[in-house]
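Residue numbering for the sequence shown follows numbering that gives the first Met the number 0, starting at 0 and increasing by one per position. For each residue, glycine too, the CB sits at the ideal point set by N, CA and C. Written out below as structure tokens is the structure these notes cover.
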Amino acid sequence: MQDKKRIYLILIFIMAVMVVVEILFAHPHFDMIWNKTPGADIIIGFVGAWFLILISKKLITFLFQRKEDYYDDGGDENA
Numbered sequence: 000m001q002d003k004k005r006i007y008l009i010l011i012f013i014m015a016v017m018v019v020v021e022i023l024f025a026h027p028h029f030d031m032i033w034n035k036t037p038g039a040d041i042i043i044g045f046v047g048a049w050f051l052i053l054i055s056k057k058l059i060t061f062l063f064q065r066k067e068d069y070y071d072d073g074g075d076e077n078a
């Protein structure tokens with residue numbers, strides 16, 4: 000459990016550093032609201048990545064996961 004908490008803390012720290020770097024060094028060239036908001040690109044990327052992970056997990060589970068007794072059905076009755 001400590002490892003999971005440590006990983007989340009490291010991720011939060013990295014995201015905070017990225018927001019600070021973006022505030023200090025990024026100069027948006029567009030007029031959209033998300034280009035003017037500090038850290039918006041990071042948040043959009045993070046949420047998009049999580050969305051892709053969740054969708055792919057559901058899709059792969061649907062396509063490839065079988066029941067526990069998948070290989071027991073239709074087998075040799077005499078064995």
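Can you tell which of the options has its C-alpha closest to the C-alpha of residue i?
i: A11; options: L23, I52, S55, I41; result: Checking the displayed sequence, the identity of residue 11 turns out to be Ile instead of Ala. Among L23, I52, S55, I41, the Cα nearest to that of I11 is on I41.
i: A39; options: K66, S55, M14; result: M14
Rounded to whole angstroms, how far is the Cβ of residue i from the Cβ of residue j, which I believe are closer than 8 Å?
i: V18; j: P37; result: 6 Å
Considering only their Cβ atoms, is the gap separating residue j from residue i smaller than 8 Å?
i: I43; j: W33; result: yes
Could you check whether the Cβ of residue i sits closer than 8 Å to any Cβ belonging to chain D?
i: I59; result: Checking the listed chains, one finds no chain D in this structure; it contains a single protein chain.
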